[in-house]
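Peer 1: Pasting a structure here, questions to come.
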Amino acid sequence: MRTFTVGALGIFGLISVATCAQAQTGAVRDWSGAYLGGSVGVVESRATTDASTADGFPGSYFTPPDPQQIAGEADGSLSHSSLSGGIFGGFGRQFGNLYLGLEASANTLGFDETRTSGAVYLSNAAGAFTQELSVKADWQATMRARLGWAQDRWLVYLTGGAAVARIQLDAAFSDDFLGVGARGGNSTKETKLGWIVGLGGEYALNENWSIRGDYLYADYGKVDTSYTVTNPVFPVFANTLKSSAQFKTQTLSIGMSYRF
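Mapping of the sequence shown onto UniProt numbering: position 181 corresponds to residue 181, and the numbering continues sequentially without gaps.
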C-alpha cells in the first residue's frame with residue numbers, strides 16, 4: 001500500500017507543477033486528436049473471501065454452530081502485487097484549456113492466490129474441516145472518460161468509467177468425520193463488469209510524443225460459486241455451501257504515447 005500512496009502523492013505533485021506552470025506561461029499546446037501508447041507499472045490486486053450455508057435443519061449435514069464456524073473461517077483476504085504491462089489508446093478534444101476525451105486500455109494482473117482455512121468442529125470434536133479458496137485473474141480492460149486541464153506541455157486529468165476482468169474462483173471443502181469425510185467443490189469463471197476511477201498527468205515531449213503517469217482503482221464486485229457437501233456414509237444428509245470473492249485492483253503506471 002505504501003507504493004501506491006507514494007505514487008498517488010507523486011501524481012498530485014505533478015498536478016501542482018502543472019498548476020504553477022499556468023502562472024508562468026500563457027502558451028497552449030493543442031492536445032486534440034487520436035493517440036496510442038504503452039505502459040508499465042505495478043498492480044495490486046485484492047480478493048476478500050467469505051462463505052455461507054444454511055443453519056442446521058432436518059436433512060442437513062451440518063449442525064449448529066457449524067454454519068457460523070465455517071463462515072467465520074472463510075472470512076479473509078488474498079492480495080498480490082506484481083509488475084504490469086499494458087496498452088492504451090483514445091481520442092480527445094481540447095477547448096481552450098479544457099480537455100475532454102475517451103480512452104480504452106488493457107493491462108496484465110497476474111493474480112493467482114489461494115487461502116486455506118479450517119478447524120475442529122465446535123459441534124463435534126471428533127471431526128475437523130478444511131476449506132480452500134483460490135482466485136485467479138490474468139487481465140483487466142477499461143473504457144474511460146477523461147476530463148482534464150491543458151496548459152502548454154502539461155495535461156492533468158481525472159478519469160472514470162467501466163472495467164472488465166476475467167476472474168476465476170475455485171472452492172473446495174472437506175472434513176474427516178467418521179474417517180471417510182465429507183467432500184464438495186466447484187469452480188466458476190466469470191467476465192465481471194466493474195467500475196474504475198483514477199487521475200493522472202501527461203507531459204508533451206514534442207507535437208506527437210508524450211509521457212504520462214496515472215493511478216487507477218477498480219472494483220469488480222463479487223464472484224460466487226456454490227456446491228453440495230455430503231458424506232458418503234450418510235448421503236441423504238447434505239448442505240449447499242456458497243463461496244464468494246470480492247475483487248479489486250489498484251494500478252500505478254507510467255507510459256508513453258504517440259498522438260496522430
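In this text, a Cβ means the ideal position worked out from N, Cα and C, and glycines have one as well.
(1) Can you grab the Cα-Cα spacing for the pair residue 181 / residue 232, in whole Å?
(2) List the residues that DSSP assigns as beta-bridge partners of residue 197.
(3) Do residue 171 and residue 159 have their beta-carbon atoms positioned less than 8 Å apart in this structure?
(4) So, is residue 205 buried or exposed, given that buried needs 16 or more other C-beta atoms within 10 angstroms?
(5) Alpha carbon to alpha carbon, how far is residue 57 from residue 37?
(6) Near residue 149, what residues of its chain come up, given a Cβ to Cβ distance below 6 Å and the 5 sequence neighbours on each side ignored?
(7) Hey, could you find the ends of the beta strand (DSSP E) residue 148 is sitting in?
(8) Using 8 Å as the Cβ pair cut-off and three pairs as the minimum, do the region 44-59 and the region 84-96 touch?
(9) Would you kindly report the start and end of the unbroken alpha helix (DSSP H) that includes residue 65?
(10) Going by Cα to Cα distance, which pick from 120, 115, 167 is closest to residue 138?
(11) Would you kindly report the start and end of the unbroken beta strand (DSSP E) that includes residue 107?
(12) For residue 239, count neighbouring C-beta atoms within 10 Å of its own C-beta (all shown protein chains included) and say buried if the count is 16 or more, exposed if not.
(13) Three-state secondary structure (DSSP) at residue 204?
(14) For residue 72, which three-state DSSP category applies?
(15) My assumption, with CB atoms under 8 Å, is that residue 247 sits in contact with residue 47. Please give the rounded CB distance.
(16) Which residues share a DSSP beta bridge with residue 209?
(17) Could you name the residues that DSSP lists as bridge partners for residue 174?
(18) Rank 186, 216, 153 by C-alpha distance to the C-alpha of residue 31 and give the top, closest one.
(19) Beta-carbon within less than 8 Å of residue 209's beta-carbon, same chain only, minus the 5 sequence neighbours each way: which residues are those?
(20) Since residue 223 and residue 244 should fall inside the 8 Å C-beta cutoff, what is the C-beta to C-beta distance between them, to a whole number of angstroms?
(21) What's the gap between the Cα of residue 251 and the Cα of residue 237?
(22) Less than 8 Å between the C-beta atoms of residue 164 and residue 199, yes or no?
(23) Indicate whether residue 201 and residue 254 have their beta-carbon atoms separated by less than 8 Å.
Peer 2: This is what the structure gives:
(1) Put simply, the backbone Cα of residue 181 is about 8 Å away from that of residue 232.
(2) When beta bridges are read from the DSSP output, residue 197 appears opposite 160, 217.
(3) No, these two residues do not count as a Cβ contact at 8 Å.
(4) Around the CB of residue 205, fewer than 16 other CB atoms lie within 10 Å, so the residue is classed as exposed.
(5) Roughly 59 Å between the two C-alpha positions.
(6) The beta carbon of residue 149 lies closer than 6 Å to those of 97, 156 in the same chain, with the five residues before and after it left out.
(7) Looking at the DSSP string, the run of the beta strand (DSSP E) that includes residue 148 is 128-151.
(8) Put simply, the region 44-59 does not touch the region 84-96. Fewer than three CB pairs are less than 8 Å apart.
(9) From DSSP, residue 65 is part of no alpha helix (DSSP H); its letter is neither H nor E.
(10) Closest by alpha carbon: 167.
(11) Here the beta strand (DSSP E) through residue 107 covers 98-120.
(12) Answer is buried; the Cβ neighbour count reaches 16.
(13) Secondary structure of residue 204 (DSSP, three-state): strand.
(14) DSSP, reduced to helix, strand and coil, places residue 72 within a helical segment of the structure shown.
(15) Rounded to the nearest angstrom, the Cβ distance from residue 247 to residue 47 is 5 Å, consistent with a contact under 8 Å.
(16) The beta-bridge partner set that DSSP reports for residue 209 consists of 258.
(17) In the DSSP output, where bridge partners are listed per residue, residue 174 has 130, 183.
(18) Of the candidates 186, 216, 153, 153 places its Cα closest to the Cα of residue 31.
(19) The residues are 256, 257, 258, 259.
(20) The C-beta distance from residue 223 to residue 244 rounds to 7 Å, short enough to meet the 8 Å contact threshold.
(21) Those two C-alpha atoms are separated by around 46 Å.
(22) Taking 8 Å as the cut-off, the Cβ atoms of residue 164 and residue 199 do not count as close.
(23) Their beta carbons are not under 8 Å apart, which means residue 201 does not touch residue 254 by this criterion.
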